[in-house]
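Chemist: In my numbering, the protein residues as written are 256 to 586.
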Ligand SMILES: [Zn+2]
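#1: Would you give the residue range spanned by the beta strand (DSSP E) that residue 419 belongs to?
#2: Looking only at its chain, what residues have a beta carbon closer than 6 Å to the beta carbon of residue 471, apart from the 5 residues adjacent to it on each side?
#3: Hey, how far is the Cα of residue 325 from the Cα of residue 572?
#4: Have a look at 295, 301 and 344 and flag the residue whose alpha-carbon is nearest the alpha-carbon of residue 280.
#5: Grab the span of the alpha helix (DSSP H) containing residue 412 for me, first residue to last.
#6: Whose CA, out of 550, 457, 461 and 282, lies closest to the CA of residue 289?
#7: CA-CA distance, residue 265 and residue 303?
#8: Nearest-angstrom Cα distance between residue 342 and residue 565?
#9: Contact between the segment 555 to 564 and the segment 522 to 530 is defined here as three or more beta-carbon pairs at a separation below 8 Å; is this criterion met?
#10: Straight-line CA distance for residue 318 to residue 522?
#11: Suppose contacts are defined by Cβ-Cβ distances below 8 Å. Is residue 409 in contact with residue 285 by that definition?
#12: Could you confirm whether any beta carbon from chain C is found closer than 8 Å to the beta carbon of residue 382?
#13: Report yes if the CB atom of residue 389 is closer than 8 Å to the CB atom of residue 355, and no otherwise.
#14: Restricting to runs no shorter than 4 residues, where is the alpha helix (DSSP H) found entirely within the segment 435 to 483?
#15: Kindly indicate the opening and closing residues of the alpha helix (DSSP H) around residue 299.
#16: Just checking, does the segment 346 to 363 make contact with the segment 376 to 390 on the three C-beta pairs under 8 Å criterion?
#17: Quick one: grab the DSSP three-state call for residue 404.
#18: For the putative contact between residue 587 and residue 422, defined by C-beta atoms under 8 Å, what is the C-beta separation to the nearest angstrom?
#19: In whole angstroms, what separates the C-alpha of residue 387 from that of residue 484?
#20: Return the first residue and the last residue of the alpha helix (DSSP H) that residue 584 is part of.
#21: Only counting runs of 3 or more residues, tell me where the beta strand (DSSP E) segments fall wholly within the segment 507 to 552, in order along the chain.
#22: Could you check if residue 308 belongs to the surroundings of ligand 1, using beta carbon to heavy atom distance under 7 Å?
#23: Is residue 318 near ligand 1, judged by its Cβ being under 7 Å from some heavy atom?
#24: Residue 531: buried (16+ other C-beta within 10 angstroms of its C-beta) or exposed?
#25: If you follow the alpha helix (DSSP H) that residue 564 is part of, which residue opens it and which one closes it?
#26: Below 7 Å CB to CB, which residues in the same chain sit around residue 363 once its five sequence neighbours on both sides are set aside?
#27: Measure how close the beta-carbons of residue 306 and residue 402 come, nearest whole angstrom, since I'm counting them as under 8 Å.
#28: Would you say residue 481 and residue 491 are within 8 Å of each other, going by their C-beta atoms?
#29: To the nearest angstrom, report how far apart residue 283 and residue 399 are at their CA atoms.
#30: What's the gap between the Cα of residue 561 and the Cα of residue 567?
#31: Going straight from the alpha carbon of residue 474 to that of residue 502, what length do you get?
#32: Between the C-alpha atoms of residue 445 and residue 312, what's the straight-line distance to the nearest angstrom?
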């Protein structure tokens, strides 16, 4: 699919194409945005665009020798993907050294050379240090595209050598019809999937996955049960500890973002999570801003502890989060 197929990416695309036209394209771009928003699609399409020999109308032609190479199974020889050897493992220093070899060689097709590094936050310190020189002086006509969905974990030395390009999750009025048309479902269902995906449209496509939907229901039901005293904190906590806590907390964080927007703007058309909208509306009438923001900090901290695999005590973690949740309702 071309970039036009992802309407929320078009503005960012035009911005970069304009920089290119004005010969102001930076040699290192840090593309930052939530998971499932289309960063990889975007970076690949932009690489194809720069590699194309007959760029027209801000797009790759799709037919020249370069475009055919990009589309081939082996890929374009002037495109280099740097990613972990195994999913979930960091990028290693040896891999960065291999990249340096590529960057120091001559472009085979006589044009740009493109390097995509993903995820840019998952690199050990030696690898990040080895990358610095390439980031500073990548050589002529070499463009590095670094991708991250965890900006806070990207090394500051890397960040400071890149120009940042943020890609936000699309607004509901763009995302809902898009997901609905991709999956051939109605808007209500598309909204539910988007809520499950924390607003990320490409993740929403995967939400046809029943297990994830069921997990999401457990979150919303659990939170509501506690507020309405249908179940105790300990009962819900015991159940949650057996589930994917990292995902639950990530969703909880998303719901609190909704609640904060609602509290600050008073505008409930901003709510992204339909499946919890009634609960959030009710809560927004009781909660104080101070308490909400300190709770959001607590949830973010718990999320970070899990992401960094600090192996926190899950029982304590879940119970303290649920206790904070009850505290919200007490104003
Ligand atoms: Zn082309």
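Each residue gets a CB set at the ideal place from its N, CA and C atoms; glycine is no exception.
Modeler: To lay it out plainly:
#1: 418 to 421
#2: Excluding residues within five positions, the ones whose Cβ falls inside 6 Å are 451.
#3: Distance between the alpha carbons of residue 325 and residue 572: 47 Å.
#4: 301
#5: 411 to 414
#6: Nearest to residue 289 by alpha-carbon distance, out of 550, 457, 461 and 282, is 457.
#7: Cα to Cα, residue 265 sits roughly 16 Å from residue 303.
#8: 19 Å
#9: In short, these stretches do not touch, since the Cβ pair count stays below three.
#10: 48 Å
#11: yes
#12: Among the chains of the structure shown, chain C does not appear; only one protein chain is present.
#13: yes
#14: The segment 435 to 483 contains these whole alpha helix (DSSP H) runs: 442 to 451, 456 to 460 and 465 to 482.
#15: 294 to 306
#16: yes
#17: Residue state, collapsed to three classes: coil.
#18: Nothing about residue 587 can be reported from this structure: the residues present for the chain run from 256 to 586 only.
#19: 55 Å
#20: Per DSSP, residue 584 belongs to the alpha helix (DSSP H) from 569 to 584.
#21: none
#22: yes
#23: yes
#24: Around the CB of residue 531, 16 or more other CB atoms lie within 10 Å, so the residue is classed as buried.
#25: For residue 564, there is no enclosing alpha helix (DSSP H), as DSSP marks it with neither H nor E.
#26: Listed in chain order, the non-local C-beta contacts of residue 363 below 7 Å within the same chain comprise 332 and 333, local neighbours out to five positions each way being set aside.
#27: Going by Cβ atoms, the distance from residue 306 to residue 402 rounds to 18 Å, so no, they are not a contact pair.
#28: It is a contact, given that the beta carbons lie within the stated cut-off.
#29: 5 Å
#30: As the crow flies, the alpha-carbon of residue 561 is around 7 Å from that of residue 567.
#31: So the two alpha carbons sit approximately 10 Å from each other.
#32: Cα-Cα distance, rounded: 32 Å.
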